[in-house]
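Residue numbers (the working numbering): 740 to 1348.
Pasting the structure below:
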């Protein structure tokens, strides 16, 4: 089969549609090792596993033969395929149709692929709904609703809201005039079949919320009734371009802020999401009116692992919030959550309490697991039987926490709260735990989670700084630029890697791990950077800042040592008769020693915190 040169977004769509661990797992026996997987390399003979696969980064690397790449590169190497053959194989596995151009006439080449026609139909429909909100005779009912809810024109424009008039065929007729047949509209859920081959508009007398995902493509719509109907909200049905469980509302408006702020705030309703943006919380998306799904969490995890749920402050909202806990634990995410006051949703809370109150809640949000625990305690029956029942309910969820240190701390807290021994809780945990749940935490993670300052050599400091830049590009990148860190680095591999990452950050690009390694010619250097890519850095901002500060101090101490050595050399070389120069150098040397010692004391104090 012959294909057009594929745009990057199609390749990314293919890779996003596959689990690299599942694909490689069909060829290699993989075992979990922390947040990655390990196995024997299929590309060279070995007895000890040096082949690593990271689901989080969609990346594999072998420390034995330096083979590396994404899921397409793996298929290319494993099946001895050309690049396009590997793309086709990956696309088939992901259920994605590639645009074909074999034996097409000039007229056919002008035609869009079927999926592109679906996207185009949705785009035209969005424009139609926007136009109705501005010009249709019935527009007043929608505009009045927006005014009552306090939505600004800027938000209406940003989220490209529209209005579906009270008509059975307004959209159908308008789209036919634009050359979009009803059969295409039916496939994307904009119309439904009526009697005798006719069609009717699905959305009528509703405020329209376009669901815009990657590459600014409209995948579906949500419609909020403007009349007294039982179906308050309806969404587009599943279609070849829309999966409700894998989509989120507001992604197009929130993506940049999510990456910049390294946080995603998740609300339930579309209006809640829009109002959160209006009040300045631009990292907010909505889960399309349902409890979060595994696919939605996986999608958000590609941008940040700092997720915070803000659901309605009623029993239903709390139930939906807790229902997602198991999914977060499965994805190894320590999600946070806000329990709004009873009777409030994010929209009403913002209008009643204002943005500062919401900001305070977000900044001090507890972990979802902690909220869930408190709910378990609150519903505990009195007496030994009630304690036993509650402990049996808590242990299975506790066993899902992958971090051994975090799990042990919870064991202590739960035992104390329920008045039982830690040994009992641990015994019950062992009955539920699997090898996957009980993976030990890498030593480096334990060190960094407790006492920052493991980088005792300049080489280690430069590697740790590069790792921070790899895992926290926005946060560490800002500090790197501010402090001119790359100019202070001596390791050519670390400096080259850091400079490439900063270039990508300035350009607003995510640097692909495979491309990063391909730019390195030294095999040892590749191994060092690959270790950093695959290493775990699951830390909060405060700990990251302390680690960064400690490493920068190590480089500063080295700079003092170099300046001191240079002055001592000049002292040795100076002539005996030049007493004034010797005195000046000696005074400078004393000053440098004092500054160096002061910096060392400062570092030791910070490390002891």
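We treat Cβ as the ideally placed atom computed from N, Cα and C, and that holds for glycine. The model shown is predicted, which means the values in this text are computed figures rather than measured ones.
- For residue 1142 and residue 1159, the gap between their C-alpha atoms comes out near 22 angstroms.
- Between the segment 1255-1270 and the segment 1162-1173 there are fewer than three C-beta pairs closer than 8 angstroms, too few to call the two in contact.
- Remark: C-beta atoms of residue 1253 and residue 808 approach each other more closely than 8 angstroms.
- In this structure residue 1228 is in contact with residue 1201, their Cβ atoms being roughly 5 angstroms apart against a cut-off of 8 angstroms.
- In this structure, 788 is the residue among 758, 752 and 788 with its C-alpha nearest to the C-alpha of residue 768.
- Rounded to the nearest whole angstrom, the C-alpha separation of residue 1049 and residue 995 is 20 angstroms.
- DSSP, reduced to helix, strand and coil, places residue 1011 within a helical segment of the structure shown.
- Here the alpha carbon of residue 1046 sits roughly 6 angstroms from the alpha carbon of residue 1004.
- Its chain contains 865, 869, 949 and 951 as the residues whose beta carbon lies nearer than 8 angstroms to that of residue 899, once the 5 sequence neighbours on both sides are disregarded; these appear in chain order.
- The residue among 1017, 1310, 1033 and 973 with its C-alpha nearest the C-alpha of residue 1072 is 1033.
- Counting along the chain, residue 1006 sits inside the beta strand (DSSP E) bounded by residues 1003-1006.
- Residue burial is scored here from C-beta neighbours: residue 1301 has fewer than 16 other C-beta atoms within 10 angstroms and is therefore classed as exposed.
- Judged by DSSP in its simplified three-state form, residue 917 adopts coil rather than helix or strand.
- For residue 932, the enclosing beta strand (DSSP E) stretches over residues 930-932.
- Pairing residue 854 with residue 1023, the inter-Cα distance amounts to about 28 angstroms.
- Between the segment 1085-1097 and the segment 1110-1123 there are fewer than three C-beta pairs closer than 8 angstroms, too few to call the two in contact.
- The beta carbon of residue 1100 sits closer than 7 angstroms to the beta carbons of 1077 from its chain, once the five residues preceding and following it are set aside; these are given in chain order.
- One Cα belongs to residue 1109, the other to residue 1075, and the distance between them is close to 9 angstroms.
- In this structure, DSSP gives residue 1116 a helical state, which the three-state scheme calls helix.
- The three-state secondary structure of residue 1296, taken from DSSP, is helix.
- When the five nearest sequence neighbours on each side are left out, the beta carbons in the same chain lying within less than 7 angstroms of the beta carbon of residue 804 are those of 780, 782 and 783, in order along the chain.
- Residue environment analysis places residue 748 among the exposed positions, since fewer than 16 neighbouring C-beta atoms fall within 10 angstroms of its C-beta.
- With respect to residue 1018, residue 1089 sits close: the two C-beta atoms are nearer than 8 angstroms.
- Here residue 1032 carries a coil assignment [DSSP, helix/strand/coil].
- According to the DSSP assignment, residue 1087 belongs to the alpha helix (DSSP H) that extends over 1085-1092.
- Counted as a single uninterrupted DSSP element, the beta strand (DSSP E) harbouring residue 960 occupies residues 957-964.
- For residue 944, the closest alpha carbon among the candidates 1130, 983 and 908 is that of 908.
- Assigned with DSSP and collapsed to three states, residue 1023 falls in strand.
- Annotation: residue 837 to residue 1065 spans about 35 angstroms, alpha carbon to alpha carbon.
- Residue burial annotation: residue 766 is exposed, with fewer than 16 other C-beta atoms found within 10 angstroms of its C-beta.
- By the beta-carbon neighbour count (other beta carbons within 10 angstroms, threshold 16), residue 1329 is exposed.
- Annotation: residue 990 is outside any beta strand (DSSP E); the continuous alpha helix (DSSP H) that includes it extends over 990-1000.
- Ranking 1313, 1149, 1113 and 1205 by CA distance to the CA of residue 1274 puts 1205 first.
- Between residue 1208 and residue 1255, the CB-CB gap reaches or exceeds 8 angstroms.
- Counting along the chain, the unbroken beta strand (DSSP E) around residue 799 starts and ends at 798-801.
- For residue 1226, no beta strand (DSSP E) segment is defined, and its DSSP state is neither H nor E.
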